[in-house]
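S.K.: Input: one structure, supplied below.
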Amino acid sequence: MTAMDRIGAFSGAAYFVLGNAAIAIGADRQLPDAPTGQESLDALGRMAANPAAQAAISIELLSFVAWMTFVGYVCWRLRAAGWLAAVALVAGIVELAVKLGSAGPLIAGYSLRDHMSPEQAAILTEINKADFFVGLLPAGLFVLFAAFAALKTQQLGRVLAWSGIAIGAANIITAAVIGVNIPESGFAPSFLLVLLWELVLSLRWGFAHTHPQVRAAINPANPVTS
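When the letters of the sequence shown are read in order and numbered with this note's numbering, they come out as residues 34 to 259.
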């Protein structure tokens, strides 16, 4: 593999590391899983007094840059799968849009923390939770179709490909079942499987010793022309 191929492949691992670093650095241990409006407002005040928490937002934004790179690389590598890779690309772009959109309420709340009521802070918190659960849909779709495309073009082994298909489908189903009934925790454990699958994919391709070959999708032989 060339250096540029490895950059593309390892951008998935970079997304995972940067995203988790942002969570670890910016975590507010005084904030409960289901905060009241006043507790959310107090958390914004603590963020204003904590440069590390502010830096965590910047790190999270950098993780989105890594995600854009990874989606582009994955879909380029799987382009021989045709529309399967195209659907994965669309899903990755939509997931990114949701991620960027979820940062808006937090940044707006931080900027207006001295002018907001607890009720307004509670609304922003719920918007952020809703964004996460909406994002389960494109996140699952990306993994589902990337895995299908990798299976069809033989870019992944059957175990990793079929596990991606199962994980992607599970997240789509989770998003559909939850609908508007968002749990107080604001988190779905199935999303962890998405992150782990993407990390394994990134490392699997990044440490590969052979140059990635774009293989045509395998179709049954046509008895008329064969």
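Glycine included, C-beta positions come from ideal geometry on N, C-alpha and C.
All values reported here derive from a predicted model rather than from experimental measurement.
When the Cα atoms are used, what is the spatial distance from residue 177 to residue 118?
M.R.: Their backbone Cα atoms lie some 10 Å apart in a straight line.
S.K.: Just the Cα atoms here: how many angstroms apart are residue 260 and residue 95?
M.R.: Not covered by the structure: residue 260. The range shown for the chain is 34 to 259.
S.K.: At the level of alpha carbons, what is the spacing between residue 92 and residue 220?
M.R.: If you take the alpha carbons of residue 92 and residue 220, they lie about 21 Å apart.
S.K.: Measuring alpha carbon to alpha carbon, tell me which of 62, 63 and 113 ends up nearest residue 182.
M.R.: Measuring from the Cα of residue 182, the nearest candidate turns out to be 113.
S.K.: Residue 65 lies in the alpha helix (DSSP H); which residues open and close that run?
M.R.: Here residue 65 belongs to no alpha helix (DSSP H), and DSSP marks it neither H nor E.
S.K.: How about residue 239 and residue 152: do their beta carbons lie closer than 9 Å?
M.R.: No.
S.K.: Under the three-state reduction of DSSP, which class applies to residue 218: helix, strand or coil?
M.R.: In the structure shown, residue 218 sits in coil (DSSP, three-state: anything other than H, G, I, E or B).
S.K.: Near residue 269, which residues of its chain fall below 7 Å by C-beta distance, leaving aside the five closest residues on each side in sequence?
M.R.: Here the chain comprises residues numbered 34 to 259, so residue 269 is not present and cannot be evaluated.
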